[in-house]
Amino acid sequence: MTPELDLDGPAAPPRSNGELSFEHPWQGRLFATTMAACDADLIDYADFRDRLIAGIAERDRREPEAGDYWSAWQDALEALMLDIGLVEPGEIDRQAIEFSQHH
Amino acid sequence: MTDHDHDHDPRALRAEALEAILIERGLVDPAVIDSTLDYFENDLGPMLGAQVVAKAWADPAFKRRLLDDGLGAIAELGLGGPQVDHLVVVENTPDVHNVVVCTLCSCYPWGLLGLPPAWYKSLAYRSRVVREPRNVLAEMGCELPDDIEVRVWDSSAEVRYFVLPERPNGTDGLPEDVLAEHVHRDQMIGVAR
Numbered sequence: 001m002t003p004e005l006d007l008d009g010p011a012a013p014p015r016s017n018g019e020l021s022f023e024h025p026w027q028g029r030l031f032a033t034t035m036a037a038c039d040a041d042l043i044d045y046a047d048f049r050d051r052l053i054a055g056i057a058e059r060d061r062r063e064p065e066a067g068d069y070w071s072a073w074q075d076a077l078e079a080l081m082l083d084i085g086l087v088e089p090g091e092i093d094r095q096a097i098e099f100s101q102h103h
Numbered sequence: 001m002t003d004h005d006h007d008h009d010p011r012a013l014r015a016e017a018l019e020a021i022l023i024e025r026g027l028v029d030p031a032v033i034d035s036t037l038d039y040f041e042n043d044l045g046p047m048l049g050a051q052v053v054a055k056a057w058a059d060p061a062f063k064r065r066l067l068d069d070g071l072g073a074i075a076e077l078g079l080g081g082p083q084v085d086h087l088v089v090v091e092n093t094p095d096v097h098n099v100v101v102c103t104l105c106s107c108y109p110w111g112l113l114g115l116p117p118a119w120y121k122s123l124a125y126r127s128r129v130v131r132e133p134r135n136v137l138a139e140m141g142c143e144l145p146d147d148i149e150v151r152v153w154d155s156s157a158e159v160r161y162f163v164l165p166e167r168p169n170g171t172d173g174l175p176e177d178v179l180a181e182h183v184h185r186d187q188m189i190g191v192a193r
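Chain order of the listed sequences is A and B. Numbers 1 to 103, taken from this note's numbering, label the letters of the first sequence in order. Numbers 1 to 193, taken from this note's numbering, label the letters of the second sequence in order.
Dropping the structure here:
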């Protein structure tokens, strides 16, 4: 195993310790959206985590070490929101397509 | 305005779409999303955990409170953690070395260490550190003699673990802010001694 070890210096603020919190901005937005949804009591974090765990386990089986963590997070969040009726079936797809045509 | 990556990465578009739907419905406040992201990216980080460790080193009574009730003790410093019910602080001693993992996903004491590093989320770390902790630690630069017991703590949404490393020699009398500079993130996860 060759883990990505971070700078072995003194504890430092996030932005100056040599490591990005998120590789891509959408991951940060997704994370913050999840936290906001939990704070607003739209979703229960434990419920979300259960789905995340299942998604990660599935990815571990299919593609070990693919490192697809944030995709698993996204799939779990979307599935939970769909199940509890916060989004309609196909709604995210439609909105994403609309954004792709306007960006 | 939000800072989205305006490319055609399907994942990015879906994340943006979900956020837009929730905001349009009035279910989440965009300012909350922005401030949460800002908080996690800029305000949370291992320097907070280092403050806790330094105080525990300098103040034996605080250390006892920390080991007894992690959340209660760090609240004295204005620290906490979103989405955590219990914080269990485990103490390294000359005979015991502690290491933290979340075998199922990536539960981590965000409020003290910020977001976890990529390796913490990897299948290799999650699966191997429980089965062969000494080998994993050695690969990460932490070789432990056989007479030191290694304890692995598996985190969950409800219980997050945090390692209190041993105070280094030669730090007697140092003020807490200087002591904190002797604390590294990897020690508080337990992949460094």
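Ideal placement from N, C-alpha and C gives every residue a C-beta, glycine not left out.
Item: Own chain partners of P30 (chain B) with C-beta closer than 6 Å, once the 5 adjacent residues on each side are dropped; Value: I23
Item: Rounded separation between R51 (chain A) and I97 (chain A) - CA only; Value: 25 Å
Item: Test: H86 (chain B) CB closer than 9 Å to a CB of chain A; Value: no
Item: Whole-Å CB distance - C102 (chain B) paired with R126 (chain B), under 8 Å assumed; Value: 7 Å
Item: Test: E176 (chain B) CB closer than 9 Å to a CB of chain A; Value: no
Item: Contacts around G49 (chain B), its chain only, beta-carbon distance under 8 Å, and the 5 residues preceding and following it disregarded; Value: P109, L112, L113, F162, V183, R185, M188
Item: Inter-residue Cα distance where the pair is A20 (chain B) and R193 (chain B); Value: 45 Å
Item: Among B:G26, B:E76, B:A75, B:L87, nearest to S155 (chain B) - alpha-carbon criterion; Value: B:L87
Item: Min CB distance E65 (chain A) to chain B below 9 Å; Value: yes
Item: Rounded C-alpha distance that separates D75 (chain A) from A54 (chain A); Value: 10 Å
Item: Interface partners of Q95 (chain A) on chain B, CB under 7 Å; Value: A17, A20, I21
Item: Sequence-distant residues of the same chain with beta carbon closer than 7 Å to V191 (chain B), five excluded per side; Value: V99, L137, M140, C142
Item: Per-residue contacts from L74 (chain A) into chain B (C-beta, under 9 Å); Value: The identity of residue 74 (chain A) in the sequence shown is Gln, whereas the question assumes Leu. Within chain B, the residues near Q74 (chain A) are R11, R14, A15, L18.
Item: T93 (chain B) versus P165 (chain B): straight-line alpha-carbon distance, rounded; Value: 8 Å
Item: Where H184 (chain B) falls: helix, strand or coil (DSSP); Value: coil
Item: Min CB distance V40 (chain B) to chain A below 9 Å; Value: Here residue 40 (chain B) is Phe; the residue named in the question, Val, does not match the sequence. Judged by the 9 Å Cβ criterion, F40 (chain B) is in contact with chain A.
Item: Proximity test, Cβ basis, 9 Å: D83 (chain A) and chain B; Value: no
Item: Below-9 Å beta-carbon distance, L86 (chain A) vs any chain B residue; Value: yes
Item: For D59 (chain B), the three-state DSSP class (helix, strand or coil); Value: coil
Item: Beta-ladder partner(s) of R59 (chain A), from DSSP; Value: None, per the DSSP bridge assignment.
Item: Endpoints, alpha helix (DSSP H) assigned at L30 (chain A); Value: 25-39
Item: Beta-carbon gap between M81 (chain A) and Q83 (chain B) smaller than 9 Å; Value: no
Item: Per-residue DSSP class, three states only, for R49 (chain A); Value: helix
Item: Buried versus exposed, by CB contacts within 10 Å (16 or more), T2 (chain A); Value: Here the model assigns T2 (chain A) a pLDDT of 33, short of 50, so the residue's position is not dependable and the matter cannot be decided.
Item: Reference D177 (chain B), options B:I33, B:H8, B:A56, B:D9, closest by Cα; Value: B:A56
Item: Whole-angstrom C-beta distance between Q101 (chain A) and W70 (chain A), which should lie under 8 Å; Value: At roughly 24 Å, the Cβ-Cβ gap does not stay under 8 Å, so W70 (chain A) and Q101 (chain A) are not in contact.
Item: Chain A within 9 Å of G81 (chain B), Cβ atoms only; Value: no
Item: Where G166 (chain A) meets chain B, residues with beta-carbon distance less than 8 Å; Value: With chain A represented from 1 up to 103, any question about residue 166 (chain A) goes unanswered, as that position is not in the structure.
Item: For L77 (chain A), three-class secondary structure by DSSP; Value: helix
Item: Residue ranges of each alpha helix (DSSP H) within the stretch 131-183 of chain B, 4 or longer; Value: 133-139, 176-180
Item: Inter-residue Cα distance where the pair is D60 (chain A) and A72 (chain A); Value: 11 Å
Item: Beta carbon of V52 (chain B) nearer than 9 Å to that of L79 (chain B); Value: yes
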